[in-house]
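J.: Here it is: the structure, laid out below.
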Amino acid sequence: MRVHLCGVRGSTPAPGIEFIRYGGHTSCVAIAHDGAAAPSLVLDAGIGLQQVTKLLGDEPFRGTILLSHLHWDHSTGLPFFPRGDEKAAAVHLFLPEQADGRGAVEVLSGIMRPPYFPVGPTALRGDWHFDTIATGEHELEGFTILAREVPHKGGRTFGYRISDGHSTLTYIPDHCPTVLGPGEDGFGEYHEAALELASGADLMLHDAQLLPDEGPTMAVYGHAVADYGVELARRAGTAKVALFHHRSDRTDDALDELGRRFADSSPAVVVGAEGSVFEL
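For the record, in the sequence shown the residue sitting at position 237 is 237 according to this note's numbering, with numbers rising by one throughout.
Encoded structure:
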C-alpha cells in the first residue's frame, strides 16, 4: 500500500511563506496498491484534492473518494479536481450515512449549489456516483475498509481502517475524544471505536490540531491534542503515527518543534507534511 499525503491542514488552507515545508492544503490522502501506477482510493476532498491530479499524470481519475465528514476542509476540493472533472473520469463518492436519512447528493448540494457555488455535484463531468456509507466493514477498490463513528462537533464523522491484506492504515483526521470525558490524562477517553480502528495498524493519521495548553479552551471546537493520538497509538499497538490536520496558523517552525517533542516516542511519530509518501 502506498499512501500519499496531499493535504494536511485543518479548518482552512494556510497560504504563505511560513507554511511551505509542511504545506497549506486541507485534508486529502491518496492511496494506491503496491505496483499500481496511480491511486484508486482517496480519503477526503479538501483543497489537497488538487494535488491528486499530479499523481495521475495525463490519466483521468477512476476510483473512489471516501469522505470522513462534510466540513468544508474535507469537501470543498470536489469541484476543483481536474482529473475527476473530465469526461473519461469514473468516480464513486461515499459520505457517512446521515442521521436524518438524507442522500449523498442532497447533502453535497448544501455546499455545491447557487448562490454559494455555480453548479451542483451532479454537474461534474464524467461518470460520478454518490452514495452514503454505513458503519461496518466494506470492500472498495480492492481494499477492506472498516468504518466507525468517532466524536466530532457538527455532523456525523467517521474514522476509517484501510487494509490491503498485508498492511493497514488508520485514518482519524477529526476527533474530539473529550466529548466522552477527560480520560486518565485529560486528553479524552481512549474509547472503543478509536482503539478498534488503530489496533495493530502500520500507520495512523490522527487529528493533531491542538497542543496540550490549547486543549482546555479549544477542544470545544471538535479536535484532539496531538498527545492523544500518540498515546492512542501506544495503547493500540500502532507502529507509526503521522500527526495530521494541523491548525492553519501552525507555522513550519512550530511543527518542527512539535516533531522534536516526540522525537524519542514509541511508537514512532512523524509530523505529516504535504507530499510525504509512506510505503506500507
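In this text, a Cβ means the ideal position worked out from N, Cα and C, and glycines have one as well.
Return the CA-CA distance between A268 and G237, expressed in angstroms with no decimal places.
T.: One-based indexing of the sequence shown puts residue 268 at position 268. One-based indexing of the sequence shown puts residue 237 at position 237. Computed Cα separation, rounded: 11 Å.
J.: A89 and F61 look like a contact to me (Cβ under 8 Å); what is the Cβ gap, rounded to whole Å?
T.: Your numbering for residue 89 matches position 89 in the sequence shown. Your numbering for residue 61 matches position 61 in the sequence shown. Confirmed, Cβ separation roughly 5 Å.
J.: What's the C-alpha gap between G84 and H191?
T.: To locate residue 84, count along the sequence shown from 1; it is residue 84. To locate residue 191, count along the sequence shown from 1; it is residue 191. The straight-line gap from Cα to Cα measures roughly 36 Å.
J.: Buried or exposed: S266, going by 16 or more other Cβ atoms within 10 Å of its Cβ?
T.: Taking the sequence shown and counting its residues from 1, one reaches residue 266 at position 266. With fewer than 16 other Cβ atoms within 10 Å, it is exposed.
J.: Going by DSSP, what residue range makes up the beta strand (DSSP E) through K240?
T.: Start at 1 with the first residue of the sequence shown, and residue 240 comes out as number 240. Run containing K240: 240-244, per the beta strand (DSSP E) assignment.
J.: What do you get for P96, buried or exposed, if any count of 16 or more other CB atoms within 10 angstroms of its CB means buried?
T.: In the sequence shown, the residue the question calls residue 96 occupies position 96. So P96 ends up on the buried side.
J.: Curious, which full-length beta strand (DSSP E) runs of at least 3 residues does the region 160-185 contain?
T.: Here the runs fully enclosed are 168-172.
J.: Three-state secondary structure (DSSP) at G229?
T.: On the sequence shown, residue 229 is found 229 positions in, with the first residue counted as 1. G229 falls in the helix class under three-state DSSP.
J.: Using a Cβ-Cβ distance under 7 Å, would K54 count as near chain C?
T.: Looking at the structure shown, chain C is missing, and only one protein chain is on hand.
J.: From what residue to what residue does the beta strand (DSSP E) around R62 run?
T.: Locating residue 62 in the sequence shown gives position 62, counting from the first residue. Taken as a continuous stretch (DSSP letters only), the beta strand (DSSP E) holding R62 covers 62-66.
J.: Using the Cα positions of G222 and Y228, report the straight-line distance between them to the nearest angstrom.
T.: By 1-based counting over the sequence shown, the position of residue 222 is 222. By 1-based counting over the sequence shown, the position of residue 228 is 228. G222 and Y228 have their alpha carbons spaced roughly 13 Å apart.
J.: Determine, using beta carbons only, whether P121 and V105 come nearer to each other than 7 Å.
T.: By 1-based counting over the sequence shown, the position of residue 121 is 121. By 1-based counting over the sequence shown, the position of residue 105 is 105. Using a Cβ distance threshold of 7 Å, P121 and V105 count as a contacting pair.
J.: Figure out for me which residue from F143, L203, H92 has the closest Cα to the Cα of L243.
T.: In the sequence shown, the residue the question calls residue 243 occupies position 243. It is L203 whose Cα lies nearest to the Cα of L243.
J.: Helix, strand or coil: which one does DSSP assign to L255?
T.: Taking the sequence shown and counting its residues from 1, one reaches residue 255 at position 255. Helix.
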